[in-house]
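Each number in the working numbering comes from the position in the sequence shown (counting from 1) with 31 added on. Note that beta-carbon positions come from the ideal geometry of N, C-alpha and C, so glycine has one too. For reference, the structure is listed below as structure tokens.
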Amino acid sequence: MDQICSTEFWNWNLTWSTTTPIFTSCFIKIGLIWAPIAFFWIFAPAEIYYMIRKKRMKVPWSLLNISKLIVVFLLMVLSLIEMIYQMIRFTKTDVRPVEYYTPFLIFVTMAAVAIMMLIQRRKGKITSGVIFLFSFFFCVGTAGGYYTALQKTFNKNFTYDKEFEYFQFSVIVLYFAFSFILFILNCFADIRIKPSQVPKRQSPEERASFLSILTFWWFNPMAVLGYKKPLAGEDMWELNDENKSETLQAEFNKYWLPLVQKANSHHSEVRASLSRRYSEMPNDDCTKVTISPTDYEKDIAKLSILKPIIKTFGWELFISGLLKLGASVITFVNPLILDELIAFVGSNDPYWKGFVYACGMFLAALIESFLSGQYEYRIYVIAMRIRSCIISVVYKKALVLSNSARKNFTVGEVVNLMSVDTQRVMDYVQMVNLLWSAPLQIVIAIYLLWKQLGVATLGGLAVMILMIPLNGVISVFIRNFQVKLMKDKDKRTKLMNEIMNGIKVLKLYAWENSFIKEVMNIRCMEVASLKAQAYLNGAVTFVFSSAPFLVSLASFATYVLIDSSNVLDANKAFVSLSLFNILRVPTALLPMIITFTAMFVVSLKRINRYLQGDEIDLDIIKHDPSEKDPVVIENGTFSWTKEDAPALTNLNFRVKEGSLVAVVGQVGAGKSSLLSALLGDMVKWCGKVNVKGSVAYVPQQAWIQNATLRKNVLFTQPYDEKKYKTVLEACALAQDLEILPGGDMTEIGEKGY
């Protein structure tokens, strides 16, 4: 360090053991100036990469961004002047490298800041966290140099130092002034569009500065509005683009669809193998082939939604983990400073040290608050995004499930997957970082307690260790009851759905009491599982809530009893209690972590089992445009599921172009099966199916919306009067509408009633 600096890096006599503390010149240059510069060069590339990837509207020139560039330019000029001055001094006297390295680094860094600001404007980014934090750290660093310069220049306790002549003092003052102005300017965000053009329901977060995001200042309008009146749906802001389902699903599908395609290709290989076996049968008689259970086992691909979730949201989870790590570690700063503050009260140290300790405790609490707030907000948003992706995947899976797979999943199960199980996953994501942060905090707390109480800490540690086996046993019971609860919930939801669908028949035959009894029996089983879970959770919560008290009691008792010379003074007592108070939070959260982990595992298995269900084979229907006839079936054999006997055997069927065909037959003759075979809804064992062009299918079960007749006809399409009337005439609905008193504005109830 002596080869770089003219002074030592840190001098305890100058900075701490004195009534008038100052910093060494080397510490100011390297510790206070180089550190912010290093921070900028480490994190700026990542933010530039992020800005280049995003496409936003260009930010117009404004007084704010022009002022930022002017201040940065002034800092570049100032550093250039200082660098030239130091090089001139180098020709006359011995100047250490740090004296001209520092202005050179400032010049290069400020040039990079200016370039980053220009990129930021072109890419439509209105605020930069890296530039904001750099300007703050750089301002703090120049403030330290400014304070030291003032002390050395005007305090009589210091002798005249050539390093602080008039020129250098002026440079330090200007550095501090410009850096302070730059920091203030970066507290505000650029304006992408005029305030009058901002959409009424756009979230203020979209146009908030980094400081506003850090302090959640952008949320104030909603908080004030909620104070004035109850909030309604129209008061809510619109979702940001990155939180919309279509955006999330597009990103999630990059990792999910390849897994699905791989599974489908596996299915196709198995089906092709089976088809080859069928083709070897005499006269292509597929009905003579028996299917063994191993054929089904081959056709099952182990899809898991966990891997694409980690790939999609892994980086965001990593950032949230860093925030949690910072908040967890900085929690222990206050007990350490408290130790020094209590020692300071009983000493004759200068008063300024007490102010430093008090300010240090305040800053530590402030930083912890910032980190914890940002962590809680970010992890909740991530959990909501993951829930949105899972719901979308489950919904889309419901549209492509094969008939055989539909038999394995009731409507109640699917409803529970999209409501209960996705909520369980969301709850677990919010607590996932506690899996490592809670043990980390416990380890750090025990280490610091060991420094305070020594071997007596083992007394409290023994109490904690005794609780772990008990916790493990209870978690197994909780998981088992959770599995049983979800099965009972599926049964009840399925039964309630059947009751609602057949409510007319139920009322007609006066079966209310029988069905009420059936529902209540299932509900009683649910309540029994819930009650058992509640008792177990209560037991775990009681044990771990009392853990800090038992641990502190065991530790203090052991400390006093093992040696008569051990005395609990104020320092040890207050610091230890502070650490025990910190220890209380992770130990209290441990039972929740275990409970939510058990629920998450159960829900994840249920979701994966559903997503592993067999899908409709899209390769069943060929679309060969060279085929002469538009609809062709040759030697087709079809069944509804792989387990069922064929419903259609050795079918040959052709429809000529331009012809109108009606399929007529007795009930159960296979009319619906024929249409389903043409749609690809049946399992094709052998044969050929070819359909040219597009297909329109009107099922027997009408899908009627609870809306006006016109809205049912439009079905979310925009109203075009000419096209609308053409459709009514084509469907021969004009005369029917004349009968209705309200015409096409007649309201249609649930299920078309």
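Excluding sequence positions up to five away, which residues of its chain have a Cβ less than 7 Å from the Cβ of residue i?
{"i": "Ser335", "result": "Asn639"}
{"i": "Thr453", "result": "Arg418, Ile421, Ile422"}
{"i": "Phe195", "result": "With a pLDDT of only 47 at Phe195, under the threshold of 50, the placement of this residue in the model should not be trusted; the figure read from the coordinates follows. For Phe195, where only same-chain residues beyond five positions count, the Cβ hits under 7 Å are Ala180, Lys183, Thr184."}
{"i": "Leu537", "result": "Ile530, Glu543, Phe546"}
{"i": "Lys355", "result": "Tyr406, Asn464, Ser468"}
{"i": "Glu557", "result": "Leu516, Asp519, Lys520, Arg523"}
{"i": "Ile35", "result": "Arg127, Pro128, Val129"}
{"i": "Glu282", "result": "Thr343"}
{"i": "Glu237", "result": "Asn271"}
{"i": "Arg615", "result": "Pro579"}
{"i": "Leu501", "result": "Val574"}
{"i": "Asp660", "result": "Arg685, Val686, Lys687, Glu688"}
Verify whether the separation of the beta carbon atoms of residue i and residue j is less than 7 Å.
{"i": "Gly395", "j": "Val364", "result": "At residue 395 the sequence reads Ala, which differs from the Gly that was named. Cβ distance < 7 Å, so Ala395 and Val364 count as in contact."}
{"i": "Ile646", "j": "Val445", "result": "For the record, residue 646 in the displayed sequence is Glu; it is not Ile. No."}
{"i": "Ala476", "j": "Ile613", "result": "yes"}
{"i": "Phe575", "j": "Ala619", "result": "yes"}
{"i": "Asn434", "j": "Thr246", "result": "no"}
{"i": "Ala469", "j": "Pro677", "result": "no"}
{"i": "Phe58", "j": "Trp47", "result": "no"}
{"i": "Val451", "j": "Val633", "result": "no"}
{"i": "Phe209", "j": "Thr140", "result": "no"}
{"i": "Phe631", "j": "Ser560", "result": "no"}
{"i": "Phe809", "j": "Met462", "result": "Outside the displayed span of the chain (32 to 784) sits residue 809, for which this structure offers no information."}
{"i": "Leu497", "j": "Tyr590", "result": "no"}
{"i": "Val474", "j": "Leu581", "result": "no"}
{"i": "Tyr388", "j": "Ile368", "result": "yes"}
{"i": "Val63", "j": "Gly155", "result": "The sequence given here has Leu at residue 63, not Val. No, the pair does not count as a contact, with Cβ atoms beyond the cut-off."}
{"i": "Ser159", "j": "Ile137", "result": "no"}
{"i": "Ile509", "j": "Leu567", "result": "yes"}
{"i": "Tyr286", "j": "Pro339", "result": "yes"}
{"i": "Glu778", "j": "Thr747", "result": "no"}
{"i": "Asn528", "j": "Gly443", "result": "yes"}
{"i": "Leu480", "j": "Leu610", "result": "yes"}
{"i": "Ile486", "j": "Met449", "result": "Residue 486 is actually Val in this sequence, not Ile. Not in contact: Val486 and Met449 (Cβ atoms no closer than 7 Å)."}
{"i": "Val571", "j": "Ile505", "result": "yes"}
{"i": "Ala239", "j": "Val161", "result": "no"}
Return the chain-ordered list of same chain residues with a C-beta closer than 8 Å to the C-beta of residue i, the five sequence neighbours on each side being excluded.
{"i": "Ala358", "result": "Glu399, Leu402, Ser403, Tyr406"}
{"i": "Ser93", "result": "Asp221, Ile222"}
{"i": "Ala436", "result": "Gly644, Asp645, Glu646"}
{"i": "Lys99", "result": "Met148, Leu213, Leu216, Asn217"}
{"i": "Val662", "result": "Phe684, Arg685, Val686, Leu709, Asn721, Val722, Lys723"}
{"i": "Gly780", "result": "Asn737"}
{"i": "Pro324", "result": "Because the pLDDT at Pro324 is just 44, under 50, the model does not fix this residue reliably, and the value given afterwards should be weighed accordingly. The answer is none, since no qualifying residue turns up."}
{"i": "Tyr191", "result": "Low per-residue confidence applies at Tyr191: pLDDT is 49, beneath 50, and the placement is therefore not dependable enough to give any value."}
{"i": "Ala145", "result": "Leu100, Val103, Phe104, Met107"}
Apart from the five residues just before and just after residue i, which ones in its own chain have a Cβ nearer than 6 Å to its Cβ?
{"i": "Asp315", "result": "With a pLDDT of 49 at Asp315, under the threshold of 50, the modelled position of this residue cannot be trusted; read the value that follows with caution. Cβ neighbours of Asp315 beyond the five flanking positions: Asn666, Cys717."}
{"i": "Thr321", "result": "With a pLDDT of 48 at Thr321, under the threshold of 50, the modelled position of this residue cannot be trusted; read the value that follows with caution. Closer than 6 Å at Cβ, skipping near neighbours: no residue."}
{"i": "Ile115", "result": "none"}
{"i": "Asp675", "result": "none"}
{"i": "Glu328", "result": "The predicted model places Glu328 with a pLDDT of 48, which falls under 50 and marks its position as unreliable, so this point remains unresolved."}
{"i": "Asp326", "result": "Low confidence applies to Asp326: its pLDDT is 48, below 50, so where it sits in the model is not reliable enough to give any reading."}
{"i": "Ser707", "result": "Met713"}
How far does the alpha helix (DSSP H) with residue i in it extend, from its first residue to its last?
{"i": "Arg152", "result": "128–153"}
{"i": "Gly696", "result": "That residue, Gly696, is in no alpha helix (DSSP H); it is neither H nor E in DSSP."}
{"i": "Asn365", "result": "364–376"}
{"i": "Ala765", "result": "765–770"}
{"i": "Asp221", "result": "Note, Asp221: premise wrong, no alpha helix (DSSP H); not H, not E."}
{"i": "Glu646", "result": "Neither: Glu646 is in no alpha helix (DSSP H) and is coded neither H nor E."}
{"i": "Ala678", "result": "That residue, Ala678, is in no alpha helix (DSSP H); it is neither H nor E in DSSP."}
{"i": "Asn379", "result": "No alpha helix (DSSP H) holds Asn379; DSSP gives it neither H nor E."}
{"i": "Glu778", "result": "No alpha helix (DSSP H) holds Glu778; DSSP gives it neither H nor E."}
{"i": "Tyr540", "result": "From DSSP, Tyr540 is part of no alpha helix (DSSP H); its letter is neither H nor E."}
Which residues bound the beta strand (DSSP E) around residue i?
{"i": "Trp41", "result": "Element bounds for Trp41: n/a, residue is neither H nor E."}
{"i": "Glu665", "result": "662–670"}
TODO: Only counting runs of 4 or more residues, tell me where the alpha helix (DSSP H) segments fall wholly within the region 229–274, in order along the chain.
DONE: 241–246, 251–259
Task: Residue ranges of each beta strand (DSSP E) within the region 572–623, 3 or longer - done: none
Open item on the list: Under 8 Å, with one C-beta from each stretch per pair, do the region 481–498 and the region 406–416 reach the 3-pair mark?
Closed with: no
Task: At least three beta-carbon pairs within less than 8 Å, the region 598–610 to the region 651–670 - done: no
- [ ] Taking only runs that begin and end inside the region 501–535, name each unbroken alpha helix (DSSP H) of 4 or more residues, in chain order.
- [x] none
- [ ] Jot down the residue ranges of each uninterrupted alpha helix (DSSP H) in the region 683–757, minimum 4 residues, whole runs only, in chain order.
- [x] 702–710, 740–745
Open item on the list: Taking 8 Å as the cut-off, does the region 231–239 touch the region 166–178 (at least 3 CB pairs, one atom from each stretch)?
Closed with: no
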